[in-house]
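**Q**
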């Protein structure tokens, strides 16, 4: 369990953070650059001292201003994966990996060296110097180094931010494997909603030094009032689903969710696997009648739950489109033009059909959703 | 040992011995001073920095004279050391080691400080998160990453000690077998008629020692680069 309630004044910027998370798996701190995400995990790590408040992890108090508790960084049992790998350049990969390990507290969680090497695929790099590795390899070693210090919690500060797109997708599966193979809670800082939807279970929305909302990823990304923070251009719905069956002939996979089924391009996950589907609002269209003879293969019946207010652009003009939330068993966001809204005379409570093209479902965002019960076997 | 005259051997040996002891006391102090200058901020730092650099800008004779006043048997420090430990510095090789170390000090501090300032402190923070206490971080991260500067500082300092003349002759004079190092022997020969040949031999010896020192430092520096893994 993570319980944080801290305040910190940094110049004219003030951070006031309070959240608790019981969940295992990945807790994501999401917010724009400069919103204070990194400062928050630096306070957990002890790299930044809060002015007041309390930090507790798994029943261990790391910081408590009232009782004058402020554990030293090295006593906090945290593993920190930084944006840059920060591998020690004068030590080999092997000695980097052992650096935290030989200083790790004994008697607690014991992460197996060979398993880490295996999961991260870094066995062939052990005798090399960090600077000879690629950016992706460096970050994998850094992940292993943090993990091998037997931490109570892993902190990751935008570990993919310094990598290019290809390297990012190379590292993401490793982070998923770490999440699924080792029973270590992870706090993951990012300003990329795609990463978070794929990796995280719990989302903490950080805005201007304060916590705007805490909750399951699916719930928060569907909330209109948080849309400003979760991103207008990335607007979409996150739907938890289960792999139902594969259609080899057409290369499609059927997913079932609370309210129906979705057909998406073939995914490699086994049947019964929990996944998370992200459907972008601008890739869904609406129809008043049950459509016939359309190429969209997912037609879902539902009721309009909410029509978003007309937003203002930053330059004072009014955008041409508007977001509508349709209840298809789960909330589904649709972005249509204001013209269509008036033409179709849409209003809250009206029955509509949502049309989703299967190929418009982003496969990258099919995050494997895991539960702690699965990790423990 | 027919290559060298007994006087030359004595001067070479004295030069090496004095330089060695000068380095032995000044290196750790220089490392500490460099650390304070690179990492700490305090009122009066500018003044502190200035005092450290004085030997670089003052005439060596001034340093030698101040040493003579302070560390002579009647000087404040000299009298105290003589009364408590029975050590004298004037007209002794120990005094020469003190003078040489002081003259080399700013050079060593500068070299180490530059290297220390180049050490990315984010590595140190990473080491702390991996469970290393500050002393351990210094020994396993900061010190190895500063090593190129420490080696450069040691070589510059040692060379400066070997060549030290002005402060030494002022403080401890020219005493055969005690303070007559290579530069002082050379000066001595240049002052007597017919000393040209002996003086020339010492010039050659000095050049050879300097070349060896340079070659040695080059090899060390390369090895260091390879160890840190930055390539050359």
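Chains as they are written, first to last, in the working numbering: chain Y, 1 to 377; chain P, 1 to 232.
We put the beta carbon where it would ideally sit given N, CA and C, even for glycine.
1. Which residue from Y:120, Y:262, Y:239, Y:235 puts its Cα closest to that of residue 246 of chain Y?
2. Is residue 201 of chain Y near residue 25 of chain Y, with beta carbons less than 8 Å apart?
3. According to the neighbour-count rule (16 or more other Cβ atoms, all chains shown, within 10 Å of its Cβ), is residue 13 of chain P buried or exposed?
4. Starting from residue 47 of chain Y, find everything on chain P with Cβ-Cβ shorter than 9 Å and list it in chain order.
5. Contact criterion: CB-CB distance below 8 Å. Does residue 193 of chain P meet it with respect to chain Y?
6. How should residue 236 of chain P be labelled, buried or exposed, when 16 other C-beta atoms within 10 angstroms of its C-beta is the threshold for buried?
7. For residue 99 of chain Y, count neighbouring Cβ atoms within 10 angstroms of its own Cβ and tell me buried if that reaches 16, exposed if not.
8. Do the CB positions of residue 235 of chain Y and residue 327 of chain Y come within less than 8 Å of each other?
9. Can you give me the Cβ contacts of residue 168 of chain Y inside the same chain, cut-off strictly under 7 Å, excluding the 5 residues immediately before and after it?
10. Between which two residues does the alpha helix (DSSP H) harbouring residue 110 of chain P extend?
11. First and last residue of the alpha helix (DSSP H) that includes residue 126 of chain P?
12. Out of curiosity, what's the CA-to-CA distance linking residue 61 of chain Y and residue 54 of chain Y?
13. Could you tell me the distance, in whole angstroms, from the CA atom of residue 356 of chain Y to the CA atom of residue 287 of chain Y?
14. If you drop the 5 nearest sequence neighbours on each side, which residues of the same chain put their C-beta closer than 6 Å to that of residue 161 of chain P?
15. Is there a Cβ from chain P that is less than 8 Å from the Cβ of residue 39 of chain Y?
16. Please classify residue 76 of chain P: is it buried, with 16 or more other beta-carbons within 10 angstroms of its beta-carbon, or exposed?
17. So what does residue 30 of chain Y bridge to, in DSSP terms?
18. When the Cα atoms are used, what is the spatial distance from residue 74 of chain Y to residue 299 of chain Y?
19. Hey, how far is the Cα of residue 25 of chain P from the Cα of residue 184 of chain P?
20. Could you tell me the boundaries of the beta strand (DSSP E) in which residue 156 of chain Y lies?
21. Can you tell which of Y:104, Y:37, Y:38, Y:243 has the C-alpha that lies nearest to the C-alpha of residue 152 of chain Y?
22. Leaving out five residues on either side along the sequence, give the residues of the same chain with a beta carbon under 7 Å from the beta carbon of residue 6 of chain P.
23. Have a look at Y:295, Y:330, Y:127, Y:279 and flag the residue whose alpha-carbon is nearest the alpha-carbon of residue 304 of chain Y.
24. Please work out which residues of its chain come closer than 7 Å, Cβ to Cβ, to residue 148 of chain Y, disregarding the five sequence neighbours upstream and downstream, and give them in chain order.
25. Within the same chain, show all residues whose beta-carbon is closer than 6 Å to that of residue 97 of chain P, passing over the 5 residues directly before and after it, in chain order.
26. Helix, strand or coil, according to DSSP, for residue 9 of chain Y in the structure here?
27. Where does the unbroken alpha helix (DSSP H) through residue 114 of chain Y begin, and where does it stop?
28. For the stretch 140-154 of chain P, which residues have a beta carbon sitting closer than 7 Å to at least one beta carbon of chain Y?
29. Could you check what DSSP says for residue 98 of chain Y in three-state terms: helix, strand or coil?
30. Comparing C-alpha positions only, which one of Y:65, Y:210, Y:241, Y:270 sits nearest to residue 257 of chain Y?
31. I'd like to check one pair, residue 117 of chain P with residue 38 of chain P: are the Cβ atoms closer than 8 Å?
32. If the cut-off is 8 Å on Cβ atoms, which residues from the stretch 201-227 of chain P count as contacting chain Y, listed in chain order?
33. In the DSSP assignment, the beta strand (DSSP E) including residue 301 of chain Y goes from what residue to what residue?
34. Do residue 243 of chain Y and residue 197 of chain Y count as a contact pair if the criterion is CB distance below 8 Å?
35. Within 8 Å (strictly less), CB to CB, does residue 118 of chain P reach chain Y?
36. For chain P, check one thing: does any of its Cβ atoms lie closer than 8 Å to the Cβ of residue 80 of chain Y?
**A** Taking the coordinates as given:
1. For the purposes of this step, residue 246 of chain Y is identified with residue 246 of the first chain, where counting begins at 1. Cα-wise, what sits closest to residue 246 of chain Y is Y:262.
2. Residue 201 of chain Y sits at position 201 when you count from the first residue of the first chain. Residue 25 of chain Y sits at position 25 when you count from the first residue of the first chain. In this structure, residue 25 of chain Y lies closer than 8 Å to residue 201 of chain Y by Cβ.
3. The residue labelled residue 13 of chain P in the question sits at position 13 within the second chain. The residue in question, residue 13 of chain P, is exposed, as its Cβ has fewer than 16 Cβ neighbours within 10 Å.
4. On the first chain, position 47 is the one that residue 47 of chain Y refers to. Per Cβ cutoff of 9 Å: 125, 128, 129.
5. Here residue 193 of chain P corresponds to residue number 193 of the second chain, with the count starting at 1. False, the Cβ-Cβ gap to chain Y never drops below 8 Å.
6. Nothing can be reported for residue 236 of chain P, as the shown portion of chain P is limited to 1 through 232.
7. Translated into the one-based positions of the first chain, residue 99 of chain Y becomes position 99. So residue 99 of chain Y counts as buried.
8. By 1-based counting over the first chain, the position of residue 235 of chain Y is 235. By 1-based counting over the first chain, the position of residue 327 of chain Y is 327. No. Outside cutoff.
9. Translated into positions along the first chain, residue 168 of chain Y becomes position 168. So the list reads 160, once near-sequence residues are dropped.
10. Against the second chain, residue 110 of chain P aligns to sequence position 110. Its alpha helix (DSSP H) spans residues 93-118.
11. What you label residue 126 of chain P is simply residue 126 of the second chain in a count that begins at 1. 121-129 is the extent of the alpha helix (DSSP H) around residue 126 of chain P.
12. The residue given as residue 61 of chain Y occupies position 61 in the first chain. The residue given as residue 54 of chain Y occupies position 54 in the first chain. Approximately 8 Å, taken between the alpha carbons.
13. For this step, residue 356 of chain Y is matched to residue 356 along the first chain. For this step, residue 287 of chain Y is matched to residue 287 along the first chain. Spanning the two alpha carbons is a distance of roughly 11 Å.
14. Counting from one through the second chain, the residue named residue 161 of chain P turns up at place 161. Answer for residue 161 of chain P: 19, 22, 100, 104, listed in chain order.
15. To locate residue 39 of chain Y, count along the first chain from 1; it is residue 39. False, the Cβ-Cβ gap to chain P never drops below 8 Å.
16. Start at 1 with the first residue of the second chain, and residue 76 of chain P comes out as number 76. By the neighbour-count rule (16 or more Cβ atoms within 10 Å), residue 76 of chain P is not buried but exposed.
17. Against the first chain, residue 30 of chain Y aligns to sequence position 30. Partner(s): Y:190, Y:205.
18. The sequence position of residue 74 of chain Y within the first chain is 74, counting from 1. The sequence position of residue 299 of chain Y within the first chain is 299, counting from 1. Those two C-alpha atoms are separated by around 55 Å.
19. Here residue 25 of chain P refers to the residue found at position 25 when the second chain is read from its first residue. Here residue 184 of chain P refers to the residue found at position 184 when the second chain is read from its first residue. So the alpha carbons of these two residues sit roughly 22 Å apart.
20. Here residue 156 of chain Y is taken as the residue at index 156 of the first chain, counted from 1. Where residue 156 of chain Y is concerned, the enclosing beta strand (DSSP E) stretches over 153-157.
21. Reading the first chain from its first residue, position 152 is the one you call residue 152 of chain Y. For the residues Y:104, Y:37, Y:38, Y:243, the minimum Cα distance to residue 152 of chain Y belongs to Y:104.
22. Translated into the one-based positions of the second chain, residue 6 of chain P becomes position 6. The answer is none, since no qualifying residue turns up.
23. Counting from one through the first chain, the residue named residue 304 of chain Y turns up at place 304. Checked all of Y:295, Y:330, Y:127, Y:279; the closest Cα to residue 304 of chain Y is Y:330.
24. Here residue 148 of chain Y refers to the residue found at position 148 of the first chain. The answer, listed in chain order, is 97, 100, 101, 111, 113, 116.
25. On the second chain, position 97 is the one that residue 97 of chain P refers to. Result list for residue 97 of chain P: 18, 21, 22, in chain order.
26. For the purposes of this step, residue 9 of chain Y is taken as residue 9 along the first chain, with counting starting at 1. Residue state, collapsed to three classes: strand.
27. Translated into the one-based positions of the first chain, residue 114 of chain Y becomes position 114. First-last of the alpha helix (DSSP H) with residue 114 of chain Y: 113-120.
28. 141, 144, 145
29. Position 98 of the first chain, counted from the start, is the residue given in the question as residue 98 of chain Y. Here residue 98 of chain Y sits in helix by DSSP.
30. As a position in the first chain, residue 257 of chain Y is number 257, starting the count at 1. Residue Y:241 is the option with its Cα nearest to residue 257 of chain Y.
31. Looking up residue 38 of chain P in the second chain gives position 38. Looking up residue 117 of chain P in the second chain gives position 117. Yes, they are a contact pair.
32. 227
33. Counted from its first residue, the first chain places residue 301 of chain Y at position 301. 298-307 is the span of the beta strand (DSSP E), which, as asked, contains residue 301 of chain Y.
34. Residue mapping note: residue 197 of chain Y aligns to position 197 of the first chain, counting from 1. Residue mapping note: residue 243 of chain Y aligns to position 243 of the first chain, counting from 1. In this structure, residue 243 of chain Y does not lie closer than 8 Å to residue 197 of chain Y by Cβ.
35. Counting from one through the second chain, the residue named residue 118 of chain P turns up at place 118. No - not a single Cβ of chain Y is within 8 Å of the one on residue 118 of chain P.
36. The count along the first chain starts at 1 and reaches residue 80 of chain Y at position 80. Yes, because at least one Cβ of chain P sits closer than 8 Å to the Cβ of residue 80 of chain Y.
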